[in-house]
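J.: Take a look at this one; I'll ask things after.
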Amino acid sequence: MLRAQQNELLTQTGPGTPMGQLFRSYWLPALLAEELPENECPPVRVKLLSERLLAFRDTDGRYGLIDEFCAHRGVSLWFGRNEQSGLRCPYHGWKYDVTGQCIEVPSEPVESGFCRKIRLKSYPLVLRGGVLWTYMGPPDKQPPLPEWEFALVPSEQSFMSKRWQDCNWLQALEGGIDSSHVSFLHRSDLNSDPLFKGAKGNQYNLSDAQPYFEVVESPGGLYIGARRNAENGNYYWRITQWVMPSFTMIPPRGDHPVHGHFWIPADDENCWTWSFDYRPNRALTDKELQAMRDGQGIHAKCIPGTFYPIANKDNDYLMDRAAQKAGKTYSGVEGFAMQDASLQESMGPIVDRTKENLVSTDNGIIMARHRLMRAAKALAEKDLVPPGVDPAHQRVRSASVILPPDQPFKDAAREHLKVRPDAVHASV
Amino acid sequence: MIGGCARATTAAEAKFRIDAPNSQPRNVKVIALDARSERVAKHLAARQWSRAAFFTASAFTTPRDAQKFSIDGWLKDLAGRTKNLVDEIATADLVVMIAAAGENAPAAAIIGEACGVKHVMTTVLVLGSDNTSDEALAKSLAQLRPYAMMLVIANGDEYIEDMLTALRA
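Note that the protein sequences, when read in sequence, are chains A and B.
Going left to right, the first sequence walks through residues 1105 to 1532 as my numbering numbers them.
Going left to right, the second sequence walks through residues 13 to 181 as my numbering numbers them.
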């Protein structure tokens, strides 16, 4: 349970809010590189942290993320002409460069220099690992570029998708660190999804629906360990990484690629769910890539030309009660991604956490909220850089391992929980 | 045709969620296992709680003579009154044990066993710090893990208050 005031603090990320300030401390994924595929391609509307923005790639290949609306009469620059190193408003011809600087106002004498007085708000937009990242905080506090492993491996080793989600970012994130739901909601898919099936760890999962949990603070966020009994008195551990504010890496299964998410607020009632898969040591296979493009694993099949899932709230997520009854799917919704999203969206745009009844196994969620609130307060009151900004906090891995019973997982699996170039993930 | 889920998940519809209690108060017994934890428990006990009760087992030591061991007499409330462990656990929905990393916490076994017999959920909070050594933590985990269905290692004491609030203690 949270008090109403705490719920507001954690869920509101617009300009000037404490959690908005926190998010504005990080490099955030804004667009897939393929959304701006070539110079002078059409601009793309982007909504992040309750700000309406427009991304474009100019004649010289420079990326820009600027206020969506022309400073003149408020026209959306989505209608603009991307030409000759700038984006021109089609209404009266005002033109802007990738920094938001107005470079032409045709109605005014050039000599007047009027255009230099016009500048739209803009943010840096940087390509790394197939993703265009932005930083929306104070320029003098811009951190080093992100160093998530999936974004640094060669492009053939990594795959990224994104989808729109109709709910606040926090309830989506909390689904990502709630390890105990897997044994229920996703149980039918563990042994059938091509990006999950066949792992020995699945059997430990399915044979024990009541794992023991351990939550440990990490430099950037949390390690969330779920342990189940394995052979010879040992434990099977699944160790999820949460790095602030909204990155999670799911423990791997067998020889499958490793995956995880970012949940980035679009506004307070919607978020972008980013989903990545990668291999640290070799290329993804064609079969794996096809499965990801087909919306399997943690990805979702979207309506062509959009990032809106085909199974969505307008069609009741293609609910199949017969499949639910037959055990083909546990909830009646197909696929990991929409199984999660359907339930998270069902809570409403912003779930009322004053009504919830958390239990002990929700300590991962409780601790994540605690750390987020603590960091937001420290940033607002003491200007302390929050955990997760330091690239060292980003060089992490999830792991699934068998360990002796008397060892702290974070120590026993220490080497497995950090990036080791070219070494495979620890996976069962 | 808009699906039922689309209509049901709007902010406007959220306003119609029934505004009535959906749970009864939980009895949460918080037991400090050592002196540092006892100080934390005393600090917490001064706050307003629904049904949380605070105890200390810091005086517990492993009896040299098992024949002389008694289940009574070592669990106390924070005013120093002796309490009966079995009675307290019988009326608990959740038992939270607090232990400082590296401290000896022999009472955890007795409390954990009793919770197991009574089918009461146990949570163990290990109070660490940035200076806690791996050895100290490992020692605590070896002692506590068998009795913790949920184990949290927190770097700051203030987490416990947030946790108890979140659990409606």
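Here a beta-carbon is modelled for each residue, glycine too, at the ideal position from N, C-alpha and C.
Owing to the predicted nature of the structure, the values given are computational and were not obtained by experimental measurement.
Using the Cβ count rule (16 or more neighbours within 10 Å means buried), how would you classify residue 1215 (chain A)?
T.: That one is exposed.
J.: Mind listing which residues of the segment 1137-1161 of chain A have their C-beta closer than 9 Å to chain B's C-betas, in chain order?
T.: For the segment 1137-1161 of chain A, which is checked against every Cβ of chain B, not one residue is closer than 9 Å.
J.: Beta-carbon of residue 114 (chain B) versus every beta-carbon of chain A: anything under 8 Å?
T.: No - not a single Cβ of chain A is within 8 Å of the one on residue 114 (chain B).
J.: On the DSSP bridge assignment, give the partners of residue 1353 (chain A) in chain order.
T.: Note: residue 1353 (chain A) sits in a beta bridge opposite A:1345 and A:1364.
J.: Return the first residue and the last residue of the beta strand (DSSP E) that residue 1511 (chain A) is part of.
T.: Where residue 1511 (chain A) is concerned, there is no enclosing beta strand (DSSP E), given that its DSSP letter is neither H nor E.
J.: Use the C-beta contact count for residue 1337 (chain A): other C-beta atoms within 10 angstroms, 16 or more gives buried, fewer gives exposed.
T.: So residue 1337 (chain A) ends up on the exposed side.
J.: Excluding the 5 residues flanking residue 1302 (chain A) on each side, which residues of the same chain have their C-beta closer than 7 Å to its C-beta?
T.: Once the five neighbours on either side are set aside, the close Cβ partners of residue 1302 (chain A) are 1358.
J.: List the residues that DSSP assigns as beta-bridge partners of residue 43 (chain B).
T.: Answer is B:67 and B:109.
J.: Measuring only the C-alpha atoms, how far is residue 1522 (chain A) from residue 1500 (chain A)?
T.: Residue 1522 (chain A) and residue 1500 (chain A): Cα-Cα distance of roughly 4 Å.
J.: So, residue 1362 (chain A) versus residue 1211 (chain A), is the Cβ gap smaller than 8 Å?
T.: The answer is no: Cβ separation not under 8 Å.
J.: Could you name the residues of the segment 1311-1334 of chain A whose beta carbon sits closer than 7 Å to any beta carbon of chain B, in the order they occur along the chain?
T.: Going along the segment 1311-1334 of chain A in chain order, one finds 1316, 1317, 1318, 1319, 1320 and 1321 with a Cβ nearer than 7 Å to chain B.
J.: If the criterion is Cβ atoms closer than 8 Å, does the pair residue 46 (chain B) and residue 115 (chain B) meet it?
T.: Cβ distance < 8 Å, so residue 46 (chain B) and residue 115 (chain B) count as in contact.
J.: Give me the Cα-Cα distance between residue 166 (chain B) and residue 1233 (chain A), rounded to the nearest whole angstrom.
T.: Each residue's alpha carbon lies about 34 Å from the other.
J.: For residue 52 (chain B), decide whether its Cβ has a neighbour in chain A, counting only Cβ atoms nearer than 8 Å.
T.: Closer than 8 Å: no.
J.: Taking 8 Å as the CB-CB limit, is residue 135 (chain B) close to chain A?
T.: Cβ-Cβ to chain A under 8 Å: yes for residue 135 (chain B).
J.: Say whether chain B places a C-beta atom closer than 8 Å to the C-beta of residue 1111 (chain A).
T.: Chain B contact via Cβ: absent.
J.: Given a cut-off of 8 Å, decide if residue 1272 (chain A) and residue 1540 (chain A) are closer than it, judged by their beta-carbon atoms.
T.: Because chain A in this structure spans residues 1105 to 1532, residue 1540 (chain A) falls outside the shown range and cannot be described.
J.: To be precise: take each residue of the segment 91-110 of chain B, compare its Cβ to all Cβ atoms of chain A, and keep it if any distance is under 9 Å. Which residues remain?
T.: So the list reads 106 and 108, given in the order they occur along the chain.
J.: Would residue 10 (chain B) be called buried (16 or more neighbouring beta carbons within 10 Å of its own) or exposed?
T.: In the structure displayed, chain B extends from 13 to 181; residue 10 (chain B) sits before or after that span and is not available.
J.: Check the C-beta distance from residue 1133 (chain A) over to residue 1237 (chain A) and give it rounded, since I have them as a contact under 8 Å.
T.: Contact flag correct, Cβ pair sits at about 6 Å.
J.: Excluding sequence positions up to five away, which residues of its chain have a Cβ less than 6 Å from the Cβ of residue 138 (chain B)?
T.: Within the same chain, residue 138 (chain B) has close Cβ partners 111, 113, 152 and 165.
J.: For the beta strand (DSSP E) containing residue 1161 (chain A), name the first residue and the last one.
T.: 1155-1161 is the span of the beta strand (DSSP E), which, as asked, contains residue 1161 (chain A).
J.: Which residue comes first and which comes last in the beta strand (DSSP E) that contains residue 99 (chain B)?
T.: It is not in any beta strand (DSSP E) - residue 99 (chain B) instead sits in the alpha helix (DSSP H) that spans 97-102.
J.: Check distances from the C-beta atoms of the segment 1414-1425 of chain A to those of chain B and list, in chain order, the residues that come in under 7 Å.
T.: Within the segment 1414-1425 of chain A, the residues whose Cβ lies closer than 7 Å to some Cβ of chain B are 1417, 1418, 1419, 1420 and 1421, listed in chain order.
J.: To the nearest angstrom, how far is the alpha carbon of residue 1153 (chain A) from that of residue 93 (chain B)?
T.: When rounded, the distance between both Cα atoms is 54 Å.
J.: Which of the three DSSP states is assigned to residue 1406 (chain A) in this structure?
T.: In this structure, residue 1406 (chain A) counts as strand in the three-state DSSP scheme.
J.: Where does residue 1527 (chain A) fall in DSSP's three states?
T.: Note: residue 1527 (chain A) maps to coil in three-state DSSP.
J.: Using the Cα positions of residue 1159 (chain A) and residue 1226 (chain A), report the straight-line distance between them to the nearest angstrom.
T.: Roughly 10 Å separates the two Cα atoms.
J.: Classify residue 1224 (chain A): buried if its beta carbon has 16 or more other beta carbons within 10 angstroms, exposed otherwise.
T.: Looking at its Cβ environment, which holds 16 or more other Cβ atoms inside 10 Å, residue 1224 (chain A) is buried.
J.: Thinking C-alpha only, which one of A:1403, A:1512, A:1421 and A:1281 is nearest residue 1377 (chain A)?
T.: The residue with the shortest Cα to Cα distance from residue 1377 (chain A) is A:1403.
J.: On the criterion of 16 or more Cβ atoms from any shown chain inside 10 Å, does residue 1329 (chain A) qualify as buried, or is it exposed?
T.: By the 10 Å Cβ count, residue 1329 (chain A) comes out buried.
J.: Using 7 Å as the cut-off, classify the Cβ of residue 65 (chain B) as near or not near the heavy atoms of the ligand ZN, replying yes or no.
T.: This structure lacks the ligand ZN; in fact it carries no ligand of any kind.
J.: For a contact meaning CB atoms closer than 9 Å, what does residue 21 (chain B) contact in chain A?
T.: The answer, in chain order, is 1270, 1271, 1417, 1449, 1450, 1451, 1452 and 1453.
J.: Using the beta-carbon of each residue, which ones in chain B are nearer than 8 Å to residue 1187 (chain A)?
T.: Neighbours of residue 1187 (chain A) on chain B: none; closest Cβ ~40 Å, over 8 Å.
J.: For residue 72 (chain B), which residues does DSSP report across the bridge?
T.: Bridge partners of residue 72 (chain B): none, in fact.
J.: Considering only the alpha carbon of each residue, which of A:1130, A:1510 and A:1191 lies closest to residue 1250 (chain A)?
T.: The option with the nearest alpha carbon to residue 1250 (chain A) is A:1130.
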